[in-house]
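**Student:** I have a structure I would like to understand better, so I am pasting it below and will then ask my questions one at a time.
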Ligand SMILES: [Zn+2]
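Numbering (this note's numbering), first residue to last: 148 to 284.
What follows is the structure, given as structure tokens:
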């Protein structure tokens, strides 16, 4: 199996509900998405997936839909407040943890036909969480 990995940087704000640590407060990250794509075979050029193709599909979507957005739980009382102020808000069904944001990116990228194997979200240079599907048996 071949793999290619692309790093995409974006900025986002979030906060966690029902959480006692400092991430309960609205704050932001300069995050890095690490997306890995698996391909069993190379194309006629010897490429598993062209980095430019990943960029055109994944980075354009992240730039348009996630970059400099606030990502919140759909249950967060801030959602209607920010929307009333015409601030762009992205909602997830549960807490917008790095794990949940990674899964959101994984699901969206997969739905666009990219053979994504895993997505990791680095919240800072030392902390990352990710999502990948369990190998089929
Ligand atoms: Zn955070």
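In this text, a Cβ means the ideal position worked out from N, Cα and C, and glycines have one as well.
#1: Which runs of the beta strand (DSSP E) fall wholly inside the stretch 204-276 and span at least 3 residues, in chain order?
#2: For residue 148, count neighbouring Cβ atoms within 10 angstroms of its own Cβ and tell me buried if that reaches 16, exposed if not.
#3: Going by the C-beta, is residue 246 closer than 7 angstroms to any heavy atom of ligand 1?
#4: Is the shortest distance between the beta-carbon of residue 163 and the beta-carbons of chain D less than 8 angstroms?
#5: When the Cβ atoms of the stretch 220-227 are set against those of the stretch 259-278, are three or more pairs found closer than 8 angstroms?
#6: Are the Cβ atoms of residue 186 and residue 262 separated by less than 8 angstroms?
#7: Identify the residues that DSSP records as bridge partners of residue 158: which are they?
#8: Straight-line CA distance for residue 272 to residue 229?
**Tutor:** For this structure:
#1: 216-220, 236-239, 263-271
#2: Walking along the chain shown from the start, residue 148 turns up at place 1. Counting Cβ neighbours within 10 Å, residue 148 comes out exposed, since fewer than 16 surround it.
#3: Locating residue 246 in the chain shown gives position 99, where the first residue counts as 1. Residue 246 Cβ: outside cutoff for every heavy atom of ligand 1.
#4: Given the protein chain composition of this structure (a single chain), no chain D is represented.
#5: no
#6: Looking up residue 186 in the chain shown gives position 39. Looking up residue 262 in the chain shown gives position 115. Their beta carbons are under 8 angstroms apart, which means residue 186 touches residue 262 by this criterion.
#7: Counted from its first residue, the chain shown places residue 158 at position 11. Answer by DSSP bridge pairing, in chain order: 177.
#8: For the purposes of this step, residue 272 is taken as residue 125 along the chain shown, with counting starting at 1. For the purposes of this step, residue 229 is taken as residue 82 along the chain shown, with counting starting at 1. Spanning the two alpha carbons is a distance of roughly 29 angstroms.
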